[in-house]
Structure formats: C-alpha cells, structure tokens
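Just so we're aligned, residue 70 is where the sequence shown starts under the working numbering, counting upward by one. Think of the CB as a built atom: it goes at the ideal place given N, C-alpha and C, for glycine as much as any other residue.
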Amino acid sequence: MNDRSPQNPTDVLILGVRHLERSIPDAALARGLAHLRRWRPDVIAIESLPGHLVVEYASRGGPFHDFPVGGAPTARELAESAAHLQDWDVWTARSVARDESADLTDRVIGWLLAREPLNALLLPWQTADVPAALLDELSAVCELPTERVRIGVRLALDLGHRELAHIDDHAGLAITERLTSSWMDILEQSDASGELRDSGPPPVPEPADEWDEWMRMAGPSFLSWIEDLESGSLARSHVKTFIHRARLAQWRARNLAMAARLREATGRCPGGRVLVIVGSAHVPPLRAALTTDQHDLRIVDLRELDGESGLTAPR
70 MNDRSPQNPT
80 DVLILGVRHL
90 ERSIPDAALA
100 RGLAHLRRWR
110 PDVIAIESLP
120 GHLVVEYASR
130 GGPFHDFPVG
140 GAPTARELAE
150 SAAHLQDWDV
160 WTARSVARDE
170 SADLTDRVIG
180 WLLAREPLNA
190 LLLPWQTADV
200 PAALLDELSA
210 VCELPTERVR
220 IGVRLALDLG
230 HRELAHIDDH
240 AGLAITERLT
250 SSWMDILEQS
260 DASGELRDSG
270 PPPVPEPADE
280 WDEWMRMAGP
290 SFLSWIEDLE
300 SGSLARSHVK
310 TFIHRARLAQ
320 WRARNLAMAA
330 RLREATGRCP
340 GGRVLVIVGS
350 AHVPPLRAAL
360 TTDQHDLRIV
370 DLRELDGESG
380 LTAPR
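Structure, rendered in structure tokens:
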C-alpha cells in the first residue's frame, strides 16, 4: 500500500458530483464526508477559479464579462469589500495570505484580495480585525450551498488544511466570440446531443444520500453517457457545423487547462493523496488527461472507499 513516500505513486481521486443546492440537506452528505475524511487527502482541489484568473477575466470583456461561474462573483464581491483595507495586487495578496508568520488580519485580507475567499475560511477569520460588515459577508459565504463549501471547505477544516487548490479554468471560451449568440440553443437542438439529453443518464432509483449518487456517477454507464453527451455527440453529429467543432474544442481545452492545474497540485504531495471535487461532466476528460503517460499518478476508483471491507485505510 502507498505509504505517502515520494517513491510511490500519487493517488488522485476525481470525485464527480451533481452541483449542490439548498434542497440537498447536510444529512445527505454525512456518509460521503465520512468516507472522504477517513481517506485523508493531503491536497483538496475544487472547481473554483484561481484568483488571478478572476482578475484577468474581469478585464477581458466579451464572454468573460461579469463572469458568473467558478466562484467568480463571490470572489469579486469580497475583494471589492476589502479593497480599502490594503492596496495589494493579487499576487502580493496571495503571498501575504500564505505567510504563516504574517498577522491573521493581513492573511484574511490577503485571501480576499487574492480573490480566493474560500481559503480565508480556513483561517480563524472570525477574530480578524476587519469591519463587521466584512465579517458578515464571510459568514454568508460559509452558508453557500455549493459543494466547494459544503464538501471542500468542510473537509479541509476537518483535516487541518491551510489551502484549497483552485483548479477551474475556462481556457478556450474566447472561441465562442466567433459564434452566433444563439450557439447554445443550436447545440441543444442538434440531433445526437438532443437525443442524449432527452434520454437522460441510465435510470436508477432515487439515491438515499449523496454518497449513493456519487457512486452511481463513478460507474462506467454514467461516465460513458456523460462523455458521449459532452464530447462524442458533437463529433458524430449529422450536422457537423462550425459551432459543433468549436464547442468541442472549447470544452476539451477547458478540461486540459483544469488537468494542468490539477497536475501542478499533485506536486504539493508526491506519493500522497489528492482529492478533486468537480461536476460529473469533468471526470472523463480529466481522467483521460491524467491517465496517459503521467508516470507517477494512480487514478483512484471511488469504489475503493465504499464499505468497511473495501475502504482504503488511512496512511
């Protein structure tokens, strides 16, 4: 068994989830969190934009204008609220935030100006000497229903992690600037993609909790379906328009960029364990990118964590 020696492979668990909403109670996450906690990852990566990309996207315009995903809106809002407290640029702010010898208040402000507010939640931010309104905003972030907070932040706090790796990336999105504004509607109405969306994933009983759902989405039937929906259907459509090929290039470019960020994160713990929490559609392309010729990685099957007999022991 891998004993977390740099002589051994680095275990990478790519956890595909459905994006969490408030309608999913905390109790539904308990069993899954217990399995992940016992697995004890050394690095936790989430589908959030690195702070410097939040800054870059804000200046680019076009499809990046008021970027609505990857945690960008929350990152922008918290950075704006903290802007009067220090004049650091995003890189200086990140350096201060990571400096364990720095003042707690400066570190909290640093993560906010670095546009990675979820990392501020890993500090005792409640005692930081910042305006009460800013503490209220951070408290509101703690209550966000997303898997970034309810799985990523919660698990990182339980395990004493100092930082969550932000691996989201929307490389390739500029390709869509060349497309008609209705390009998404055209894709959804296309033959192969439309048939897959209408049929839905392989039918299963309603899950008892999110662990059951994660296990289903880790199975070969679901992964085959979601890969066909997001990529295969675009390549084999009877109407292979410029839009189909451009969307395929954009989607795969995005996932290659995310895989590169995840690969970089594995360098933080050679021979250790890396957990990445992403929407289920990202699992096949990330696995494809990290399985071929990576030499020192082992992609972990979620089923290795299931049940008392099959649960991988802590290292």
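Quick one: measure Cβ to Cβ for residue i and residue j, integer angstroms, because I've assumed they're closer than 8 Å.
i	j	result
V343	P110	6 Å
V123	A144	5 Å
P78	D365	6 Å
M286	G85	5 Å
T245	P132	5 Å
P339	P75	4 Å
L154	I178	5 Å
L102	L224	6 Å
G301	R217	At roughly 28 Å, the Cβ-Cβ gap does not stay under 8 Å, so G301 and R217 are not in contact.
L207	W194	6 Å
Would DSSP call residue i helix, strand or coil?
i	result
R384	Because the pLDDT at R384 is just 42, under 50, the model does not fix this residue reliably, and the point stays unresolved.
W294	helix
S378	With a pLDDT of 38 at S378, under the threshold of 50, the modelled position of that residue is not reliable, and the figure given next carries that caveat. S378: helix per DSSP, three-state reduction.
V343	strand
I236	coil
D281	helix
I93	coil
V369	coil
T79	strand
G241	coil
L317	helix
L118	coil
G399	Look at the range of the chain in this structure, 70 to 384, and you will see that residue 399 is not part of it.
L84	strand
M70	Low confidence applies to M70: its pLDDT is 44, below 50, so where it sits in the model is not reliable enough to give any reading.
Short check: CB of residue i to CB of residue j, under 9 Å?
i	j	result
L89	T174	no
R326	A243	In the sequence on display, residue 326 carries Ala and not Arg. Cβ atoms of A326 and A243: not closer than 9 Å.
D278	A96	yes
L118	I220	no
L190	A151	no
V412	L187	A query on residue 412 cannot be resolved here, the shown segment of the chain reaching from 70 to 384 and no further.
V199	G341	no
A162	G120	yes
R330	A114	yes
L248	E185	no
R231	R167	yes
A322	H313	no
I83	L374	no
E146	D237	no
V67	L298	Nothing in the structure corresponds to residue 67, since the chain is present only between 70 and 384.
T335	V81	yes
I295	A350	yes
R332	Q363	yes
Quick one: give me the first and last residue of the alpha helix (DSSP H) that residue i is part of.
i	result
A225	223-228
A103	99-108
A358	352-360
S302	302-305
At which residues does the beta strand (DSSP E) containing residue i begin and terminate?
i	result
A114	112-115
Should residue i be listed as close to the ligand ZN, given that the test is whether its C-beta is under 8 Å from any heavy atom?
i	result
L325	The ligand ZN is absent from the structure shown, which contains no ligands of any kind.
Could you pull out every unbroken alpha helix (DSSP H) segment of at least 4 residues lying fully inside the region 133-221, listed in chain order? 141-151, 159-167, 173-182, 186-189, 201-211
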